[in-house]
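Numbering (this note's numbering), first residue to last: 27 to 155. Each remark here refers to the structure printed beneath this line.
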């Protein structure tokens, strides 16, 4: 067996393990072999992530950005997703067993969603959420 890729969670601007340090193996359904080690998030991890996301949304740079600035960031995110669609598709295929053609198409399509919403951000001017 080859070395398994070990993943972490991204919470509050940092890559972290779960609070409990518990993990689980993700199995490739096609080979029935483990391919990655994933953190097993608990309630405290979820709570910390939700609080950090809320704080970032209400107090971070996003809160003070104009609609145009937000749109630019969403467009950049779309570009990055499109650039990495092959890798994202391969990871999804390995994790779920879906066809590679399908997962790579889905990864590219997600980028299209962000492009769409980047254009729609301008319509949120003068709205409070």
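Just so it is clear, CB atoms sit at the ideal spot from N, CA and C, and this is done for glycine as well.
Query	Result
Where does residue 39 land, buried or exposed, given buried means 16+ other C-beta within 10 angstroms?	exposed
Can you check DSSP and say which residues form a bridge with residue 50?	64
Would residue 30 and residue 60 qualify as a contact pair, given that the criterion is a beta-carbon distance under 8 Å?	yes
Pull the bridge partners of residue 32 from the DSSP assignment, please.	63
Let me make sure I understand the geometry here. Which of 128, 132 and 37 has the alpha-carbon closest to that of residue 80?	37
In this structure, what does DSSP give as the bridge partners for residue 40?	37
Hey, residue 115 and residue 56 are a contact pair by Cβ (cut 8 Å); roughly how many whole angstroms apart?	Going by Cβ atoms, the distance from residue 115 to residue 56 rounds to 14 Å, so no, they are not a contact pair.
Identify whether residue 120 lies in helix, strand or coil by the three-state DSSP scheme.	helix
Can you tell me where the alpha helix (DSSP H) with residue 97 in it begins and where it stops?	93-109
Please state if the CB of residue 140 and the CB of residue 100 are separated by a distance shorter than 8 Å.	yes
Do residue 52 and residue 66 have their beta-carbon atoms positioned less than 8 Å apart in this structure?	no
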